[in-house]
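**Student:** Using the working numbering, count along the sequence shown one by one with no gaps and you end on 421.
Each residue gets a CB set at the ideal place from its N, CA and C atoms; glycine is no exception.
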Amino acid sequence: MKVCVLGLGYIGLPTASVLATSGHTVLGVDIDRRIVELINKKQVHIEEKGLKTLFGAAVNSGNLTASTKPAPSDAFIIAVPTPEKNDRADLSFLRSAAETISAHLRPGNIVIVESTIPPGATEEHVVPVLETSGLKAGRDFHVAHCPERVLPGQILKELIQNDRVIGGLTPDCAARAAELYRSFVQGRIELTDLRTAEMVKLVENSYRDVNIAFANTISNICLAQQVRSARVIELANMHPRVNILRPGPGVGGHCIPVDPWFLIECAPKNAELLKTARRVNNQRPRVVAALAKKMLGRARNAKVAVLGVSFKGDVDDVRLAPAEIVIDELERGGVDVAVYDPHVKQFKKDLMNLEDALRDADLAVILADHSDFKYLHPERLGRLMRSRRVLDPFGSVDRALWEAAGFEVRTL
Ligand SMILES: NC(=O)c1ccc[n+]([C@@H]2O[C@H](COP(=O)([O-])OP(=O)(O)OC[C@H]3O[C@@H](n4cnc5c(N)ncnc54)[C@H](O)[C@@H]3O)[C@@H](O)[C@H]2O)c1
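(1) May I ask whether a heavy atom of ligand 1 can be found less than 7 Å away from the beta carbon of T99?
(2) For S215, is the beta carbon positioned less than 7 Å from some heavy atom of ligand 1?
(3) What span of residues does the beta strand (DSSP E) with E417 cover, start to end?
(4) Since I119 and H154 should fall inside the 8 Å C-beta cutoff, what is the C-beta to C-beta distance between them, to a whole number of angstroms?
(5) In the region 242-314, which residue ranges form an unbroken alpha helix (DSSP H) of at least 4 residues, counting only runs that do not cross its ends?
(6) At 4 residues or longer, what runs of the alpha helix (DSSP H) sit wholly inside the region 119-167?
(7) Express the C-alpha separation of P387 and R191 in angstroms, rounding to a whole number.
(8) Measure the CB-CB distance between D401 and P161 and report whether it falls below 8 Å.
(9) Excluding the five sequence neighbours on either side, which residues of its own chain have a C-beta within less than 7 Å of the C-beta of K284, listed in chain order?
(10) Compute the Euclidean distance between the alpha carbons of F85 and G261, then round it to the nearest angstrom.
(11) To the nearest angstrom, how far is the alpha carbon of G196 from that of L410?
(12) What do you reckon, is the C-beta of S124 under 7 Å from a heavy atom of ligand 1?
(13) Which residue marks the beginning of the beta strand (DSSP E) containing K383, and which one marks its end?
(14) Name the residue from H379, L60 and L139 whose alpha carbon lies nearest to the alpha carbon of Q163.
(15) So, is L244 buried or exposed, given that buried needs 16 or more other C-beta atoms within 10 angstroms?
(16) Whole angstroms is fine: what's the gap from E46's alpha carbon to M361's?
(17) State the Cα-Cα distance for the pair A224 and K210, rounded to the nearest angstrom.
(18) In the DSSP assignment, the beta strand (DSSP E) including A373 goes from what residue to what residue?
(19) Does DSSP put T201 in a helix, a strand or coil?
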């Protein structure tokens, strides 16, 4: 098939690459000229495990090219951002992507929305824009929603292996979309209606948010009670029907802190639990900053080395990362903050190498769960620091080893 993928970010570029290596002719479209130029020079602009190789195979096969504008195709996949603005979904990117498609729409085409959207958004915001083409959705062309549920860091594996939910404007629309996904998905493909598919994605991420908020609430209580939450949770999880997640410094990224708002906006009176979870998780970076300040005590001209600023371990994505709020809070309190992250290339503060970040620091705070941090050598790093203290929300370091090297180690 000729497929046009709109939005070449963390979702669109891997999807375009998988489609191209599955034999489709793919035109990747992005409004960001820099991204389009890079792709046409056979370079990727994001870090994702395995992407360079797959993308290389896709462009070298001649099946993947990029442009700032769509062209006539059999299928159009929309993977543009749907951020939250004032606790509601901002669908402006989605509407403008639909607008650019409508000029190229032909009878028999299919348009698939992969972006995460509130219930009803495909019918209310995408279909009317596409119908400005003069064609009728469900009769002349097909419309479906296939929410993306991949895990950053595992995107390529999950694009192929995950089960997919496809909601169609009509059953025929869902069946036609499924034909395209069957060309590369090995997981199950479940067909349903549009609104159900839209809800499924939001429910999944709200479930994660609420469960993380529960773990964070336990951690807040344990901090006040001076009990180690990691041990409490470990022991509680020995119960056969209890499975509490690990507390952390907050929830970041494009999905989990955003998607619950799309459910809340459509049913505010029924979504108190979701609102509370958002509040609890949003508060966590401030809990971490307060604990860091407590550990610094009366240190004069205090310096903190922040290790890891991405929203999740082993990825380069810093969108809505809790680290940003922790750093702001510390700096507002007069603390000098130095930042090291082995994955992130761009951040609002200068990134340093590990040694420079730790040199003369009074405290190291680990804010991303990168695997590299498990192998940090406490004795060598301790020699660089002014005081041997580490705040380790994820339990990344070997506590016994670091304590033996003279470190004060705190978790959440
Ligand atoms: N990143 C994830 O892990 C993930 C997981 C599941 C779902 N999603 C959802 O997928 C969607 C895309 O997320 P992402 O992380 O890939 O975003 P992203 O910001 O990485 O990429 C989106 C791209 O779309 C481009 N764009 C914006 N408007 C456009 C338009 N009108 N036409 C063409 N391109 C346009 C942007 O320039 C950007 O490069 C969002 O709705 C997100 O919630 C993301």
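**Tutor:** Based on what the coordinates show:
(1) Along the sequence shown, read from residue 1 onward, the residue named residue 99 stands at position 90. Reading off the sequence, residue 99 comes out as Asp, not Thr. False, no ligand heavy atom lies under 7 Å from that Cβ.
(2) Start at 1 with the first residue of the sequence shown, and residue 215 comes out as number 206. No, Cβ of S215 sits at least 7 Å from all heavy atoms of ligand 1.
(3) Locating residue 417 in the sequence shown gives position 408, where the first residue counts as 1. E417 to R419 is the extent of the beta strand (DSSP E) around E417.
(4) Position 110 of the sequence shown, counting from 1, holds the residue named residue 119. Position 145 of the sequence shown, counting from 1, holds the residue named residue 154. Rounded, the Cβ-Cβ distance is 12 Å, inconsistent with contact.
(5) Segments of the alpha helix (DSSP H) lying fully in the region 242-314: 268-275 and 281-305.
(6) 136-139
(7) As a position in the sequence shown, residue 191 is number 182, starting the count at 1. As a position in the sequence shown, residue 387 is number 378, starting the count at 1. Approximately 49 Å between the Cα atoms of the pair.
(8) Taking the first residue of the sequence shown as 1, we reach residue 401 at position 392. Taking the first residue of the sequence shown as 1, we reach residue 161 at position 152. No, the pair does not count as a contact, with Cβ atoms beyond the cut-off.
(9) Taking the sequence shown and counting its residues from 1, the one referred to as residue 284 is at position 275. Closer than 7 Å at Cβ, skipping near neighbours: I273.
(10) For the purposes of this step, residue 85 is taken as residue 76 along the sequence shown, with counting starting at 1. For the purposes of this step, residue 261 is taken as residue 252 along the sequence shown, with counting starting at 1. Distance between the alpha carbons of F85 and G261 is about 29 Å.
(11) Start at 1 with the first residue of the sequence shown, and residue 196 comes out as number 187. Start at 1 with the first residue of the sequence shown, and residue 410 comes out as number 401. Rounded to whole angstroms, G196 to L410 spans 42 Å at the Cα level.
(12) By 1-based counting over the sequence shown, the position of residue 124 is 115. Result yes, Cβ under 7 Å from ligand 1.
(13) Locating residue 383 in the sequence shown gives position 374, where the first residue counts as 1. That residue, K383, is in no beta strand (DSSP E); it is neither H nor E in DSSP.
(14) Mapped onto the sequence shown, residue 163 falls at position 154. Nearest option by C-alpha distance: L60.
(15) Within the sequence shown, residue 244 is the residue found at index 235, counting from 1. L244 is exposed by the Cβ-count criterion.
(16) In the sequence shown, residue 46 corresponds to position 37, counting from 1. In the sequence shown, residue 361 corresponds to position 352, counting from 1. Their backbone Cα atoms lie some 29 Å apart in a straight line.
(17) For the purposes of this step, residue 224 is taken as the residue at position 215 of the sequence shown. For the purposes of this step, residue 210 is taken as the residue at position 201 of the sequence shown. Taking the straight line joining both Cα atoms gives about 22 Å.
(18) Position 364 of the sequence shown, counted from the start, is the residue given in the question as residue 373. L372 to I375 is the extent of the beta strand (DSSP E) around A373.
(19) For this step, residue 201 is matched to residue 192 along the sequence shown. It is a strand residue.
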